[in-house]
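Line order of the protein sequences matches chains A and B. For what it's worth, the working numbering labels the leading residue of the first sequence as 648, then goes sequentially. For what it's worth, the working numbering labels the leading residue of the second sequence as 345, then goes sequentially. Beta carbons are placed, not taken as given, at the ideal position from N, Cα and C, and that holds for glycine. Working notes, structure below.
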Amino acid sequence: MDEAFTLRIPDGLDPAAAAPLLCAGITTYSPLHHWKVGPGKKVGIVGLGGLGHMGVKFAHAMGARTVLFTTSPSKVEDGLKLGADEVVVSTDAGAMQKHASSFDFILDAVSADHDINAYLTLLKLDGNLTLVGAPENPLPVAAFNLLLPRRSFSGSAIGGIAETQEMLDFCAAKGIASEIEMIDIQQVNEAYDRLLKGDVKYRFVIDMASLKN
Amino acid sequence: MSSSKSYAAQSATAALAPFSIERREAGPRDVHIEILYCGVCHSDLHQVRNEWHNTTYPCVPGHEIVGRVTKTGAEVTKFKTGDLAAVGCMVDSCRECENCKAGLEQVLPAIPDLHLQWPGQALGRHHLRRLLGFHRRGRGLHAEDS
Numbered sequence: 648m649d650e651a652f653t654l655r656i657p658d659g660l661d662p663a664a665a666a667p668l669l670c671a672g673i674t675t676y677s678p679l680h681h682w683k684v685g686p687g688k689k690v691g692i693v694g695l696g697g698l699g700h701m702g703v704k705f706a707h708a709m710g711a712r713t714v715l716f717t718t719s720p721s722k723v724e725d726g727l728k729l730g731a732d733e734v735v736v737s738t739d740a741g742a743m744q745k746h747a748s749s750f751d752f753i754l755d756a757v758s759a760d761h762d763i764n765a766y767l768t769l770l771k772l773d774g775n776l777t778l779v780g781a782p783e784n785p786l787p788v789a790a791f792n793l794l795l796p797r798r799s800f801s802g803s804a805i806g807g808i809a810e811t812q813e814m815l816d817f818c819a820a821k822g823i824a825s826e827i828e829m830i831d832i833q834q835v836n837e838a839y840d841r842l843l844k845g846d847v848k849y850r851f852v853i854d855m856a857s858l859k860n
Numbered sequence: 345m346s347s348s349k350s351y352a353a354q355s356a357t358a359a360l361a362p363f364s365i366e367r368r369e370a371g372p373r374d375v376h377i378e379i380l381y382c383g384v385c386h387s388d389l390h391q392v393r394n395e396w397h398n399t400t401y402p403c404v405p406g407h408e409i410v411g412r413v414t415k416t417g418a419e420v421t422k423f424k425t426g427d428l429a430a431v432g433c434m435v436d437s438c439r440e441c442e443n444c445k446a447g448l449e450q451v452l453p454a455i456p457d458l459h460l461q462w463p464g465q466a467l468g469r470h471h472l473r474r475l476l477g478f479h480r481r482g483r484g485l486h487a488e489d490s
């Protein structure tokens with residue numbers, strides 16, 4: 648492996664819990680960093696899965712007021728433990744309405760079809776919503792949700808090598824890593840089935856020593 | 345060439361099963377990494393089942409990799425044997441375009457589609473995995489041993 652594309656794992660990072668940082672970590676860190684999330688900013692994370700749980704941890708560690716949106720009331724407690732200041736169950740229209748036009752930035756980590764307009768309306772003037780999930784079908788956007796408040800809607804995919812190293816160093820400095828369930832490689836097909844059901848908190852990591860078995 | 349153990353899918357409908365992959369020899373700028381841990385990303389599942397219509401088989405998925413350096417090439421300066429090292433979604437790029445020079449190797453210049461091609465990657469236990477090809481130096485997009 649060319650050393651120019653090989654990342655250093657800083658001291659203090661658990662190597663197993665660091666593995667998901669290489670994709671789920673940089674995919675969420677890069678847009679939060681690019682859109683200057685930090686103290687004084689109100690940030691929304693949509694979806695609590697492999698990506699979303701890292702989004703919550705990063706936004707919190709960057710010092711932003713962090714609000715998690717989830718369709719699952721059962722995830723409220725986890726969201727708060729992971730660092731969210733508030734968790735909104737997105738099927739509750741009243742709870743959503745309370746946050747209208749108030750966010751500086753929203754990171755959307757949902758890969759299933761969902762109503763993007765419900766989140767665009769939560770952005771304030773010049774707010775941005777960045778998509779990191781990959782829904783299969785096109786997402787309808789109502790133009791007026793963007794026009795008057797000059798909101799923007801964008802996307803992001805992983806990050807460069809230097810930024811990936813910066814993210815790993817940030818994780819070590821802040822004591823952040825992924826929440827993982829370790830499996831043997833012989834369980835990988837079962838893990839895929841569970842992944843499709845959302846039955847993992849929040850990332851499977853394969854212990855490659857099991858490949859010797 | 346050397347061979348490594350891995351788990352591969354042989355088709356879009358096949359389960360992952362043990363498979364031996366051939367590795368190219370390590371070069372002077374290469375680090376040899378024994379893979380300790382590999383995360384499971386939904387992208388792996390998309391790729392294994394050809395849901396993005398670009399998978400080549402056999403497909404060995406995995407792009408969240410942490411391991412230990414077991415050997416370094418003569419020109420390697422950043423790593424030594426025993427270090428923890430990690431590999432993500434990219435294993436090479438052209439290193440010449442504006443995006444690469446700006447540290448945005450993940451962004452391909454002026455290619456109309458599939459700027460980001462998730463690839464035939466590796467769950468192999470040893471080092472030097474077949475990963476995704478981004479804009480590999482001078483040769484466009486394709487998966488490649490790296």
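Neighbours of E449(B) in chain A, taken as residues at a C-beta separation under 7 Å, are given in chain order as G807 and I808. Between S346(B) and R373(B), the beta carbon gap of about 18 Å keeps them out of contact (Cβ cut-off 8 Å). Nearest C-alpha to I823(A) among P678(A), V703(A), V852(A) and K683(A): V703(A). Each of Y381(B), C433(B) and H376(B) was checked against the Cα of F423(B), and the nearest Cα belongs to H376(B).
By the neighbour-count criterion, in which 16 or more other beta carbons inside 10 Å mark a residue as buried, S801(A) falls on the exposed side.
By the beta-carbon neighbour count (other beta carbons within 10 angstroms, threshold 16), L843(A) is exposed. L669(A) and S749(A) have their C-alpha atoms some 31 Å from each other.
The beta-carbon separation of A756(A) and T811(A), rounded to 18 Å, does not stay under the 8 Å limit for a contact. Close to chain B, meaning a Cβ-Cβ distance shorter than 9 Å, are the following residues of the region 755-777 of chain A: S758. Close CB contacts of A671(A) within its chain, under the 7 Å cut and outside five residues either way in sequence, are with G697, L698, M701, S825 and R850 (chain order). Nearest to I673(A) by alpha-carbon distance, out of M855(A), I830(A), T718(A) and G806(A), is G806(A). By the criterion of at least three beta-carbon pairs nearer than 8 Å, the region 404-416 of chain B is not in contact with the region 765-779 of chain A. One finds nothing in chain A with a Cβ atom closer than 8 Å to the Cβ of R367(B); even the nearest lies about 10 Å away. According to the DSSP assignment, I409(B) belongs to the beta strand (DSSP E) that extends over I409 to T416. Annotation for C382(B): the continuous beta strand (DSSP E) segment containing it runs V375 to V384. When secondary structure is reduced to three states using DSSP, A430(B) falls in the strand class. Neighbours of H407(B) across chain A, judged by C-beta separation under 9 Å: L669 and C670. For P662(A), the chain B residues whose Cβ falls inside 9 Å of its Cβ are L380, Y381, V410, G411, R412, L428 and A430, in order along the chain. The secondary-structure analysis by DSSP pairs S721(A) with nothing; it has no beta-bridge partner. When Cβ-Cβ separations below 8 Å define contact, H397(B) makes no contact with chain A. With contact defined as three or more Cβ pairs closer than 8 Å, the region 377-386 of chain B and the region 349-362 of chain B are not in contact.
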